[in-house]
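Residue numbers (the working numbering): 198 to 999. By construction, the Cβ of each residue, glycine as well, lies at the ideal position given by its N, Cα and C atoms. All values derive from a computational prediction rather than experimental measurement. For reference, the structure is listed below as structure tokens.
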Amino acid sequence: MSTPWSRRSFFRLSGSAALLAGISSAGPASAASAQMPEAGDAYDALRGAWREMLLSSGFDPAAAPFAEKLALLGSQAGEHRSTMAAANGSLWPDLPLNLSSSITASYTRLAAMAQAHAQPGTGLTGSSALLGEISTGLDHVHDQAYNASRSPFGNWWDFQIGSPQALLDISTILHDPLSAAQLARHLAAVDRFVPDSSVGAYTGTSTGANRVDLCRSLALRGVLGKNPAKIALARDALSPVFPFVTTGDGFYADGSFVQHTCLAYTGSYGAVLLGGLAGLFSLLKGSPWAVSDPHRQTVLDSVEKSFAPFLYNGLMMDAVSGRSTSRGNPRTGPLGFQGGDHGRGHGVLAAIVLLGTAASGAEDRRWRGLVKGWIQRDYYSPVLADTDLGVAALARLKAVRDDDAVTPIAEPTGHRLFPSMDRAVHRRPGWAASVSMASRRIGLYETGNGENLRGWHTGAGMLQWWGDTYANGQFTDGFWPTVDPYRLPGTTVSKKPLADAEGGAWALPRPDVTWVGGSTDGEYAALGQFVRGLSSTLYAKKSWFCLDDSVVCLTGSVRCTDGAAAETVVENRNLGASGGHALTVNGAVQPAALGWSATLTGSRWAHIAGHGGYVFPGGATVKALREARTGSWRDINTAGTVDPVTRRYLTLWFDHGVDPVDASCSSVLMPGATAAATAARAADTGWIVILANDNVRQGVVVPSLGVTAVNFWFAGSAGALTADNPACVLVREHGDGTATVCVCDPMRMRTGLTVRWNRAVASVLSKPATVTSAVTGAALTLTFGDLRGQAGATQRIKVALG
């Protein structure tokens, strides 16, 4: 189902395998569409093109950003060769070949050595001794573990993806020095473990990113073996990846990307798929095997429809990155590599630029503008200083940065809702936020291969946010191994102790709820989640109303019989290794000493210096804690380092008590707000009216924005809105005498729905076909037909006010 060697660790170690993760690409003068002067030269031309995409050329190895990367590659390769000791059952003492993961790891180390041999500036360039050691190592792993007479064991991924891809990349890089007999043996092994039947049906482990991985192995095997049928099979087997899906793995019409049946995975498996397709599209472009399926446009459209919404100033949001969040980040990862949200983002940037070489000129120009903007704005983790990226990726990204003809594109504003994977992204000038939810459709979290052992509550309404020039390292800087996993920001949880990997590896626990989703007009949004706890009796209703400069958060009907406290976390900010950010509550600066905690009664607002403000409508009792937390990546990932990591946190939360019954709370998040702006918002008691916050409905009115929004958990009324069935309704009045009414059926169960807005409406200007009746006058009454086939999508109605 997945890989004991995490995909990221594999790619980062291999270097030459990095193309698959979208982190490598051809140099400024791309060979992706290599010239093929004669048909007989087609295979050699394709092999040369792939080698160019793996290694690049024409760069100055002594200049930045290449010198540091090449030196690191040489150092890694030197360490590998110094510890290599061929023996019965292993090539390296720490990698016994009776483990499938060790076969992959052995090939990835050999791949790093091959790249160090081929690349300039590594200190090992062209070394005949190194070449002999690589050749010996390849023969040893072949004879001991990966050959045509063996049967697969352990994890399928190692035999069908991890090992063959590293092996085929080595065979590409060292094609000329390898003997014909060696190449034939390696290709026979690939044929054994990646047969044509591996892509015979689009099911099981041969879907989504995994299918693209398999096609990559088949295509490269065909190129190296000059087998046109293999290349054609690989090209044709990509086609099932392209069309939109309505269940399971793949891209959805709303921009969602799902892998492992029920997990939001745009930033990890989706990135692998994007990088793999970018490489194959580019490789085969202009060849007899070019990918011409018209449905491939879905992949090209995904750059802005699926990936860009989750990229912010160069980072890839955790909300769509699954268990990869538990892998190490700057210089603390299992292999000393970066990883983290910025590392994942950089890989996607490189994949987008590579994909552009196989797209239209207009698409390529647009994407280069997007990438240049992300490169320029990633102040926290500069893209071209990321030595995780391959040399070819660095060359391509540097070319974009240095191209004066490319105009950087700014971060957009607006709201994007992804109902098919229970995710939402809200972008405003100066900041962006994401909300992670879960339902019968989408799992609470994923654990497996010893990864993400404490990600239990990431789907319980986690609300993450980043500023444009601040807080971009919030979740990068040692957050995941040090944060209290019971107090992820925005979540409502039971403090009942959970075991590591609670729910089971690959169990993909999904709460038995359907009301999860929301409505948006493209700028503002109303979101809702019926929360059921993991291995818990916790029950809660949560709503987020995403507005101009803030997110209004309501939590109601909190119930639990676990014998443990239930909490709603307002915020849990990572203040880094030094901390010191002042907390001000109602104008009074609170103590800054570590270990300080307090129950703050009558709290109307709070402000964390350098981050933002929090308003508590009507006043509330809020708990606060300033603490230093120490953990290690090994705590949450068995492949992580044991080195201790310490970070300081400032946490604000509502304590609902042990076994609460219908508890509730409300807060307003104001990212980047000053203390003065936060205090002013709290003093403006008419800015927001909370219409309801209970088990039946949750809703607000914000008069200054013309917003009325209600989540109807059951039929009911709130303010001027009434619904005869569960629904999410967002109404926004505009200054030109019109209004937009946004309605959705998040449960996907309504065969009919009537929504009434008690406001004079003169006429309906536009409506979707799902509206079967629209009665105007002293009030607006909208009747909808069958909404079950709308996949939770927003139904937008434009009206002229009376």
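In the same chain as S368, and ignoring 5 residues on each side of it, the C-beta atoms closer than 7 Å to its own belong to L375, L380, H383, L421, in chain order. Here H804 is buried: its Cβ has 16 or more other Cβ atoms, across all protein chains shown, within 10 Å.
The three-state reading of DSSP puts D619 in coil, since its state is none of H, G, I, E or B. Contact between G869 and W628 holds: CB atoms are separated by about 5 Å, below the 8 Å threshold. Between the C-alpha atoms of N344 and I428 there is a straight-line separation of about 22 Å.
A Cβ-Cβ separation of about 7 Å places S617 in contact with V455 under the 8 Å criterion. Under the DSSP assignment, V387 falls in the alpha helix (DSSP H) whose first and last residues are 377-390. Ranked by Cα distance from A607, the options N510, P579, G809 are led by N510. Per DSSP, L918 is one residue of the beta strand (DSSP E) stretching across 918-920.
Per the C-alpha coordinates, the member of P440, D241, R306 positioned closest to S272 is R306. For the pair P605 and G570, the CB atoms are nearer than the 7 Å cut-off. In this structure, the beta-carbon distance from C750 to Y721 does not fall below 7 Å. Our two residues, T444 and S465, have alpha carbons roughly 19 Å apart in a direct line. It is roughly 24 Å from the alpha-carbon of H339 to the alpha-carbon of L270. In chain order, N510, G511 place their CB closer than 6 Å to the CB of D575, counting only its own chain and leaving out the 5 sequence neighbours on each side. A residue is called buried when at least 16 other Cβ atoms come within 10 angstroms of its Cβ; W703 does not meet this threshold and is exposed. DSSP places F441 in the coil class of the three-state scheme, outside both helix and strand.
In the structure shown, G675 adopts coil according to DSSP, grouped into three states. The beta carbon of T522 sits closer than 6 Å to those of D515, W677, all from its chain and outside the five residues before and after it, given in chain order. Its chain contains D674, R844, R845 as the residues whose beta carbon lies nearer than 7 Å to that of G773, once the 5 sequence neighbours on both sides are disregarded; these appear in chain order.
Partner residues in the beta bridge of D852, as assigned by DSSP, are E764. For the pair F981 and L950, the CB atoms are nearer than the 7 Å cut-off.
Per DSSP, the continuous beta strand (DSSP E) segment holding A936 begins and ends at 935-941. Under the three-state reduction of DSSP output, Q357 falls in the helix class. P814 is not a Cβ neighbour of S829, given a cutoff of 7 Å. Annotation: the region 570-646 contains the following complete segments of the alpha helix (DSSP H) (minimum length 4 residues), in chain order: 588-599. Per DSSP, the continuous alpha helix (DSSP H) segment holding N407 begins and ends at 405-421.
Only residues of its own chain outside the window of five on either side were considered, and among them A282 have a CB closer than 7 Å to the CB of P290, listed in chain order. Looking at the DSSP output, V865 bridges to V749, V812. Counted as a single uninterrupted DSSP element, the stretch harbouring L744 is not any beta strand (DSSP E), since DSSP gives it neither H nor E. Considered as a whole, the region 873-900 harbours 886-890, 894-899 as its complete beta strand (DSSP E) runs of no fewer than 3 residues, in chain order.
Taking every protein chain shown into account, the CB of Q494 has fewer than 16 other CB atoms within 10 angstroms, so this residue is exposed. Following the DSSP letters along the chain, one finds E648 in no alpha helix (DSSP H), marked with neither H nor E.
Distance from Y667 to G656 at the Cβ level is roughly 27 Å; contact not present, criterion being Cβ atoms closer than 8 Å.
When DSSP assignments are scanned along the region 259-334, the uninterrupted stretches of alpha helix (DSSP H) that are 4 or more residues long and fall wholly within it turn out to be 263-280, 297-315. Where W247 is concerned, the enclosing alpha helix (DSSP H) starts and stops at 239-252.
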